[in-house]
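All remarks here apply to the structure that follows.
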Amino acid sequence: MTSHQAGFRISSPRGFLRIGRTVALPVRRVSVLTALLLSVLLAVAAVATLSLGRLGIPLADLAGALTGGAEGKNAFVLEHLRGPRLVVALGTGGALGLSGALFQSVTRNPLGSPDVIGLASGAGAGAAIVALLFPDTVPVALGALLGAVLAMALVYVSTGTGFRNPARLVVAGIGVAAIGTAITQYVVYAMERDRAAVLTAYVNGSLSARSWDDATTIWLVLLVVAPLTALIARRLDIGEMGDDIAGALGSGPRSTKTIAVVLAIVLSAGAVSVAGPIAFISLTAPQIAKRITRAAGPHLVLSALTGALLLVLADLCAQQLPLFDSLPVGIYTMAIGGVYLGCLLIREWRRGIL
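Under my numbering, the first residue of the sequence shown carries the number 204, and numbering increases by one thereafter.
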């Protein structure tokens, strides 16, 4: 049986990056070059975030500030304003990009992301309910996690086939997302004005006034989940060939999907807990990574890097564009993602997939 007959193709030269004796990550030359390019762009965007604008740290002082030599205004900007915000943006974007890659690998559908199938809305609703009913007693992160789990449970039951039917998954997810949004809006309406204003900014997705505690939260989630995704990366790669072939090769497609969905839920819930439901990063980042490399596979690392780059750039626009001062970063990602989703839906419809 040739690779074409099996329904997949082997792309450019590749090998495996081994971590210990149990982890072997498939690596392609184009993927390595793409990762390097994304890392350079991410570094440039990070420098721009810290240095541009009236409060920016001058480039001549930036290196010294980053190595502990910041004083006065530069120290305040780095330690309290832009430093935590940048670190949270990097972690949140990476978590959302990785979560989207996991979902799209499981569903084998470019629309299979936490945004479209209701995970982000469910997490936002859970966080809103906790903020309303248990203020200062139950962590918002716990409410986001429970909301995400409940949303995915509703989607799983509603489809009648679990996560196996991509079209049903999207339809059920849209319904669950609508319910989650309605709950969130009700909570905003029921809250006192001051608390509602804070929650409104949160549910739109915002990186303003982030703290080092927020940065610690999202990076702890990444440090815990990323190694676990590395453990199933090879099985996800095999799963791209289809459940029958993956089962014949002993990769356990059902257990792999379950683990991937759980990890994606934790990543998305962690992102929501620190920045709110930032839309469309998880949808667009894996697709951009895949189109750059033009190779099969879940592209976990590239999706995380792309997600981080997209969110840092969107937040840079939110901080520096004078016409939209203080606009939540989630509105920027929503506008970009809405256009992308429309183009993707048209493309999939023309191919007869939807």
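Glycine is no exception: its CB is placed at the ideal position from the N, C-alpha and C atoms.
Original post:
Just curious, the alpha helix (DSSP H) that residue 486 is in, first and last residue?
Top reply: 484-496
Original post:
Beta carbon of residue 333: closer than 7 Å to some heavy atom of the ligand ADP?
Top reply: This structure does not include the ligand ADP; it has no bound ligands of any sort.
Subject >> Burial state of residue 518, where buried means 16 or more other Cβ atoms lie within 10 Å >> reply: buried
Subject >> Straight-line gap, residue 548 to residue 231 (C-alpha atoms, nearest Å) >> reply: 29 Å
**OP:** Report yes if the CB atom of residue 514 is closer than 8 Å to the CB atom of residue 481, and no otherwise.
**Re:** yes
Original post:
Which residue's Cα is closest to the Cα of residue 436: 499, 255, 283?
Top reply: 499
Original post:
Taking buried to mean at least 16 other C-beta atoms within 10 Å of its own C-beta, is residue 438 buried or exposed?
Top reply: buried
Original post:
Closest by CA to residue 441, which one among 309, 470, 393?
Top reply: 309
Subject >> Which residues DSSP lists as bridging residue 413, in chain order >> reply: According to DSSP, residue 413 bridges with nothing at all.
Original post:
Contact check, residue 502 vs residue 492 under 8 Å by CB: the rounded distance?
Top reply: 4 Å
**OP:** State yes or no: is the C-beta of residue 373 within less than 8 Å of the C-beta of residue 319?
**Re:** yes
Original post:
Skipping 5 residues on each side, what residues in its chain have a beta carbon closer than 8 Å to that of residue 332?
Top reply: 346, 350, 386, 390
**OP:** Mind reading off the beta-carbon distance from residue 408 to residue 531? Whole number of angstroms is fine, and I expect it under 8 Å.
**Re:** 6 Å
Subject >> Buried versus exposed call for residue 504 [16 or more other C-beta atoms within 10 Å across all chains shown] >> reply: buried
**OP:** Just the C-alpha distance for residue 283 and residue 343, rounded to the nearest angstrom, thanks.
**Re:** 22 Å
Original post:
Which first and last residues belong to the alpha helix (DSSP H) in which residue 320 is found?
Top reply: Where residue 320 is concerned, there is no enclosing alpha helix (DSSP H), given that its DSSP letter is neither H nor E.
Original post:
Does the stretch 247-257 come within contact of the stretch 375-382, defined as at least 3 CB pairs closer than 8 Å?
Top reply: no
Original post:
If you follow the alpha helix (DSSP H) that residue 277 is part of, which residue opens it and which one closes it?
Top reply: 275-279
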